[in-house]
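Report on one structure; see the data block that follows.
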Amino acid sequence: MAKEMLTGNRAAAWGVRLAEVDYIPAYPITPQTEIIETIAKWISDGEMDAGFVTMDSEHSMITAAGAASATGARTFTTTSSQGLMYGFEMLYTVAGWRVPLVMVNVSRGLSAPITLGPDHNDILALRDTGFLQIHCETCQEVLDSVLMAYRLAEDKRVLLPVMVNMDGFFLSFTREAVEVPDVEAVRCFLPEYQPEHAFFRAGQPMAQGVAVLGGEFYSYFKYQMHLASQNALEVYREVSDDFERIFGRKYGTIDEYMMEDAEYVLVMTNSFSTLGKAAVKRAREKGIKAGLLRPRFLRPFPDSDIRNALKGKKAVAVIDQNISVGKGGIIYSEMAGCLYNEENRPLLLSFIGGLGGKNISQEEFDLIFDKMIRTVDTKVVEPLHLLYTENEWKGITKLKDIAGRQ
13 MAKEMLTGNR
23 AAAWGVRLAE
33 VDYIPAYPIT
43 PQTEIIETIA
53 KWISDGEMDA
63 GFVTMDSEHS
73 MITAAGAASA
83 TGARTFTTTS
93 SQGLMYGFEM
103 LYTVAGWRVP
113 LVMVNVSRGL
123 SAPITLGPDH
133 NDILALRDTG
143 FLQIHCETCQ
153 EVLDSVLMAY
163 RLAEDKRVLL
173 PVMVNMDGFF
183 LSFTREAVEV
193 PDVEAVRCFL
203 PEYQPEHAFF
213 RAGQPMAQGV
223 AVLGGEFYSY
233 FKYQMHLASQ
243 NALEVYREVS
253 DDFERIFGRK
263 YGTIDEYMME
273 DAEYVLVMTN
283 SFSTLGKAAV
293 KRAREKGIKA
303 GLLRPRFLRP
313 FPDSDIRNAL
323 KGKKAVAVID
333 QNISVGKGGI
343 IYSEMAGCLY
353 NEENRPLLLS
363 FIGGLGGKNI
373 SQEEFDLIFD
383 KMIRTVDTKV
393 VEPLHLLYTE
403 NEWKGITKLK
413 DIAGRQ
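When you line the sequence shown up against the numbering used here, it's residues 13 to 418, in that order.
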């Protein structure tokens with residue numbers, strides 16, 4: 013096992029290389045392109061044995077990935093933002109095929125207006141497709157999650173595609189020290205994929221719900237997908253235990269930080285959780301019993317693990333790096349549904365921040381903890397808050413004045 017300084021993109025590429033993937037259809041888009049450039053160079057230099065094809069679009073790319081996976085090939089592809097939206101139709105299709113491919117999404121805000129900074133509206137638009145979703149905070153977690161994703165997707169109790177998500181720029185181009193496992197150790201954890209049911213191989217047909225079917229058949233296949241996604245939670249516990257035994261790193265469906273005696277909890281996902289953890293440490297220094305819960309899985313949603321983690325907490329602030337226009341924070345709604353039937357559920361507050369990669373400052377985290385404490389005292393839960401500093405508003409006002417003068 014060697015330690016290297018890797019970007020999140022290169023960490024993802026290493027995960028694919030160590031998984032000994034057979035086929036990679038690809039199409040470039042910022043900030044994901046470094047992943048496929050890295051893989052393409054390894055293949056060209058003879059360091060990686062895999063088929064690599066540059067497609068004409070993300071729609072074709074996802075179609076090709078699904079078709080290859082349906083023949084029993086271990087398949088990988090990757091995209092970001094608008095590219096993910098361009099291939100959106102095929103995400104439902106390949107999930108319905110029950111193919112265990114793995115994709116990496118490098119999150120970037122959706123246009124318009126156009127931004128290169130990350131938020132999570134792209135990946136969260138997928139939550140009903142049938143893809144499982146793993147969300148990463150660090151470069152090490154990206155590499156490890158790619159390996160775990162194949163093990164999970166290819167389990168006969170699951171057989172659903174998996175999306176591994178990381179933030180564009182903040183993680184995709186950030187170099188961190190990453191332990192790169194030996195390929196022999198990876199083979200112990202992730203053996204060669206040999207599908208038991210042969211998918212679409214000639215001479216060994218298998219029933220697939222891909223024809224025009226009536227509602228009763230359609231419902232049957234959709235419910236099968238739902239049950240398989242639910243199975244993934246139990247299967248993942250086995251995968252996580254094996255991963256820890258072989259590599260010494262433990263990943264749950266959620267990540268808990270200073271949660272043992274916490275009363276006031278932040279809920280965040282992906283790389284901005286690191287900012288949240290720093291804010292929790294500062295709050296602790298002020299005497300606030302703060303903690304942070306980071307959901308790693310968003311599909312299937314780990315309801316039971318989240319409920320257990322939040323038992324006895326006074327208040328929870330969900331910081332959504334996304335916005336469902338006309339409704340609010342997506343993860344806030346998921347958390348509200350998760351906790352609704354709990355008798356002694358914590359007070360739940362909603363904040364939206366980090367859209368388009370906008371920083372969440374120390375003063376904004378201070379505001380969040382102040383509002384949680386005040387809400388517990390008054391029992392009055394205020395509506396959604398958009399995190400925006402006075403200086404940022406002054407900057408916008410200045411630009412509006414300049415535009416007005418022109």
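We treat Cβ as the ideally placed atom computed from N, Cα and C, and that holds for glycine. Since the structure is predicted, the reported quantities are computational estimates derived from the model, not experimental observations.
- Contact belief for LEU6 with ALA321 at Cβ below 8 Å, rounded distance in angstroms: Summary: the structure shown does not reach residue 6, with the chain confined to residues 13 through 418, and so no result is reported for it.
- Query: According to DSSP, is HIS238 helix, strand or coil?
  - Reply: It is helical.
- Message: With H, G and I counted as helix, E and B as strand and the rest as coil, what does DSSP make of SER336?
- Response: strand
- Thinking just about the alpha-carbon of each residue, which of TYR248, ILE331, ALA327 is nearest to the one in LYS301? ALA327
- DSSP beta-bridge partners of PRO37: VAL65
- Query: Between the beta-carbon of ILE420 and the beta-carbon of PHE64, is there less than 8 Å?
  - Reply: There is simply no residue 420 to check, as the chain begins at 13 and stops at 418 in what is shown.
- Message: Taking the alpha carbon of GLY95 as the reference point, which residue from ASP134, HIS147, THR141 has its own alpha carbon closest?
- Response: ASP134
- Item | Residue range of the alpha helix (DSSP H) that includes ALA291 | 285-297
- Message: Please report the distance separating the alpha-carbon of SER56 from that of GLU49.
- Response: 10 Å
- Message: Are the CB atoms of VAL28 and THR87 within a distance shorter than 8 Å?
- Response: No, Cβ-Cβ distance for THR87 and VAL28 is not below 8 Å.
- Query: Of the residues ARG296, LYS298, VAL330, GLY260, which one's Cα is nearest the Cα of SER285?
  - Reply: VAL330
- Message: Taking 8 Å as the threshold (beta carbon to beta carbon), is SER345 in contact with chain D?
- Response: In the structure shown, chain D cannot be found, because there is only a single protein chain.
- Query: What is the rounded straight-line gap between the Cα of HIS397 and the Cα of PHE201?
  - Reply: Going by the C-alpha atoms only, they are around 44 Å apart.
- Once you ignore the five residues that flank THR105 on each side, which residues in its own chain have a CB closer than 6 Å to its CB? none
- Task: Report all residues from its chain with a CB closer than 6 Å to the CB of VAL277; omit the five preceding and five following residues, and keep chain order.
- Result: GLY303, LEU305, LYS325, VAL328
- Bounding residues of the beta strand (DSSP E) (the contiguous stretch that carries LYS15): 14-18
- Which residue from TYR232, ALA240, MET67, PRO130 puts its Cα closest to that of VAL174? ALA240
- Query: Who are the Cβ neighbours of ALA348 in its own chain at under 7 Å, not counting the five residues just before and after it?
  - Reply: LEU360
- Just the C-alpha distance for HIS147 and GLU228, rounded to the nearest angstrom, thanks. 34 Å
- Message: Between which residues of its own chain and ILE342 is the CB-CB distance below 7 Å, once the five residues before and five after are set aside?
- Response: LEU136, ASP332, ASN334, SER336
- Query: Can you check whether the CB of ASN177 is closer than 8 Å to the CB of ASN117?
  - Reply: yes
- Only counting runs of 4 or more residues, tell me where the alpha helix (DSSP H) segments fall wholly within the segment 317-381, in order along the chain. 342-351
- In chain order, what residues of the same chain lie with their CB nearer than 7 Å to the CB of ARG3, ignoring the 5 residues before and after it? Residue 3 is absent from the structure shown; the chain starts at 13 and stops at 418.
- Message: Just to confirm the assignment, what range does the alpha helix (DSSP H) spanning ILE300 have?
- Response: Here ILE300 belongs to no alpha helix (DSSP H), and DSSP marks it neither H nor E.
- Between the segment 157-176 and the segment 242-249, do three or more beta carbon pairs fall short of 8 Å? yes
- Message: Can you tell me where the beta strand (DSSP E) holding HIS132 begins and where it ends?
- Response: Counting along the chain, HIS132 falls outside any beta strand (DSSP E), and DSSP gives it neither H nor E.
- Distance between GLY368 and THR387 (C-alpha atoms, nearest Å): 29 Å
- Message: According to DSSP, simplified to helix, strand and coil, what is TYR263?
- Response: coil
- Out of curiosity, what's the CA-to-CA distance linking LEU113 and SER157? 13 Å
- For TYR232 and ALA219, the rounded distance between their alpha carbons: Because ALA219 carries a pLDDT of 47, less than 50, the predicted location of this residue cannot be relied on, and no value is offered for it.
- Quick one, are the C-beta atoms of ASN80 and TYR35 less than 8 Å apart? Checking the sequence, you will find Ala at residue 80 rather than Asn. Going by C-beta atoms, ALA80 is nearer than 8 Å to TYR35.
- Going by the CB atoms, is the gap between LEU144 and LEU103 shorter than 8 Å? Not closer than 8 Å, so no.
- Identified DSSP bridge partners for ALA189: MET17
- Between SER93, MET270, PHE363, which lies nearest to ILE126 when the distance is taken from Cα to Cα? SER93
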